[in-house]
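K.L.:
For the sequence shown, the working numbering begins at 858 and goes up steadily by one. We put the beta carbon where it would ideally sit given N, CA and C, even for glycine.
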Amino acid sequence: MKKLIFLPFLFFLLSCQIQNQNKIITVTGEINAKEIGITLGHEHVLVDFIGAEKVSADRYNQDTAFHQILPYLNELEEHGVKTFVECTPSYLGKDVTLLKRLSKETGINFITNTGFYGAFDNKFIPQHVLGMTAEMIAQFWIAEFEQGIDGTGIRPGFIKIAVDRKPLSEFHASLARAAALAHKETGLTIMSHTGPAVGAFQQLEILNEEGVSPEAFIWTHASNEEDWLKLVEAAQMGCWISLDKYGWSEEALKGETLAYLKEQNVLDKVLISHDAGWYEPGKPERKFKSYTPIFKILIPNLKEKGFTEEDINLLLVENPAKAFTMKKRLQ
Ligand SMILES: [Zn+2]
């Protein structure tokens, strides 16, 4: 009799243990979320804006790109950066073998993505994808999650989509639905390049219809929304707020938005990054944007505003660890 009671208890303990093993998928394999360390949640090493019809790895020499990017990644060592979320989507120059090389060389974890980028009127969406249903698109992303990207065996750590800065078109709504369907299957977090609040709340509504929690959604480029109350509203729903343009304007580096979000008690839903980089094929003269203004300018400014080490740790370590953990987050 005692044994019969003991067995279910043992299974309960075991299942708790499995649930505690929160994993994040990097280009070199899975890591425990606890190992993520200081993380830049939205950066790029290589982007090609030529468009879906012409984009190709033949447009650049990977060695040349590798050597141009490397010094900027090496600058991150003194700031203790352990994880770099590379947000370049498919058909915009995502090169996962390059990411793996850079990861091996620097010891930094790289996280890459599956997904489709609809912003800029679908310039980066191939024609055949425009005719696909949300279910078909989701199946394609799920296959990449299971088998790896383009036959490399390198698996995506999140789903990246993008919508235009206006109410969602039918196809962009379909991308959000596909992301929700793929999330339910994989537990991958959905990162959506979104402008102002209107598109963000519409996407959260689609997730809601599919039974997916706002906790599974990162509102990328949320800094494009001028009404900060909307950021608070989304954060209170559970959505991740990505302020990822640090370094693009001196004004933002003062840290006013973050001070406001701290005052509103939603700092535990905020991610920060630069959206910086990158090597651009065919544009050797392009100036590379550094990945360090957060460490050199923003953090000292935040400390002057009364931010503690715990607050900084929340923004750069704990929040990304939670946001990028592979976990089904359902309503
Ligand atoms: Zn970006």
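Could you check the C-alpha separation between Asp-952 and Ala-1092 for me, to the nearest Å?
P.N.:
Approximately 32 Å, taken between the alpha carbons.
K.L.:
Can you name, in chain order, every residue of its own chain whose Cβ lies under 8 Å from the Cβ of Gly-1134, other than the five neighbours on each side?
P.N.:
Result list for Gly-1134: Glu-900, His-901, Val-902, Leu-903, Val-904, Ile-926, Tyr-929, Phe-1145, Lys-1146 and Tyr-1148, in chain order.
K.L.:
Can you pull every residue whose C-beta falls closer than 5 Å to some heavy atom of ligand 1, listed in chain order?
P.N.:
My final list is Cys-944 and Asp-1132.
K.L.:
Shortest alpha-carbon distance to Pro-983 belongs to which of His-1050, Trp-1076 and Leu-949?
P.N.:
Leu-949
K.L.:
Just to confirm, are Ala-1033 and Leu-1025 a CB contact at a threshold of 8 Å?
P.N.:
Yes; because the gap between Cβ atoms is below 8 Å, this pair is in contact.
K.L.:
Would the beta-carbon of Ile-1016 fall within 8 Å of that of Ala-1030?
P.N.:
no
K.L.:
So, for Glu-934: in the same chain, excluding its five sequence neighbours on each side, which residues have a beta-carbon less than 8 Å away from its beta-carbon?
P.N.:
Thr-963
K.L.:
I think Ser-960 touches Thr-885, with their Cβ atoms under 8 Å apart; what is that distance to the nearest whole Å?
P.N.:
6 Å
K.L.:
What does DSSP give as the partner residue(s) for Gly-964 in the beta ladder?
P.N.:
The partner list for Gly-964 (beta bridge, DSSP) is empty, contrary to what the question assumes.
K.L.:
Confirm, please, whether the CB-CB distance from Tyr-974 to Pro-1013 is below 8 Å.
P.N.:
no
K.L.:
Inspect the CB distances between the region 1160–1172 and the region 1038–1051 and report whether three or more fall short of 8 Å.
P.N.:
no
K.L.:
Report all residues from its chain with a CB closer than 6 Å to the CB of Asn-1081; omit the five preceding and five following residues, and keep chain order.
P.N.:
Gly-1052 and Pro-1053
K.L.:
For Pro-1138, which residues from the same chain have a beta carbon less than 6 Å from its beta carbon, with the 5 sequence-adjacent residues on both sides left out?
P.N.:
Asp-905, Arg-916 and Tyr-917
K.L.:
Secondary structure at His-1050, three-state DSSP: helix, strand or coil?
P.N.:
strand
K.L.:
Between Trp-1097 and Ala-1180, how many whole angstroms is the CB-CB distance? I'm expecting something under 8 Å.
P.N.:
5 Å
K.L.:
In or out: Gln-1060 buried (at least 16 other Cβ within 10 Å) or exposed?
P.N.:
Burial state of Gln-1060 is buried, judged by a 10 Å Cβ sphere holding 16 or more other Cβ atoms.
K.L.:
What are the complete alpha helix (DSSP H) segments, minimum 4 residues, inside the region 893–945?
P.N.:
Considered as a whole, the region 893–945 harbours 919–931 as its complete alpha helix (DSSP H) runs of no fewer than 4 residues, in chain order.
K.L.:
His-924: buried (16+ other C-beta within 10 angstroms of its C-beta) or exposed?
P.N.:
exposed
K.L.:
Do Trp-1085 and Thr-1114 have their C-beta atoms closer together than 8 Å?
P.N.:
yes
K.L.:
For Asp-1132, which option in Asp-920, Ile-968 and Cys-944 has the closest C-alpha, if you only look at C-alpha atoms?
P.N.:
Cys-944
K.L.:
So what's Lys-1017 in DSSP terms, helix, strand or just coil?
P.N.:
In the displayed model, Lys-1017 falls within a strand according to three-state DSSP.
K.L.:
Let me know the secondary structure DSSP gives Asn-1122 once reduced to three states.
P.N.:
coil
K.L.:
Please state the DSSP three-state secondary structure of Tyr-1117.
P.N.:
helix
K.L.:
Go ahead and pull the three-state DSSP assignment for Asn-879.
P.N.:
coil
K.L.:
So, at 8 Å on beta carbons, what are the nonlocal neighbours of Ala-890 in its own chain, with the 5 sequence-adjacent residues on each side left out?
P.N.:
Asn-879, Lys-880, Ile-881, Ala-1178, Lys-1179, Phe-1181 and Thr-1182
K.L.:
Return the chain-ordered list of same chain residues with a C-beta closer than 7 Å to the C-beta of Arg-958, the five sequence neighbours on each side being excluded.
P.N.:
Phe-923
K.L.:
Are Lys-939 and Thr-896 closer than 8 Å when you measure CB to CB?
P.N.:
yes
K.L.:
Excluding sequence positions up to five away, which residues of its chain have a Cβ less than 6 Å from the Cβ of Cys-873?
P.N.:
Interpretation of Cys-873 is limited by its pLDDT of 48, a score under 50 that renders its predicted location unreliable; the figure taken from the coordinates is listed afterwards. Nothing listed; no residue qualifies.
K.L.:
Can you tell me whether DSSP reads Val-1069 as helix, strand or coil?
P.N.:
strand
K.L.:
Leaving out five residues on either side along the sequence, give the residues of the same chain with a beta carbon under 6 Å from the beta carbon of Lys-1185.
P.N.:
Gly-1044
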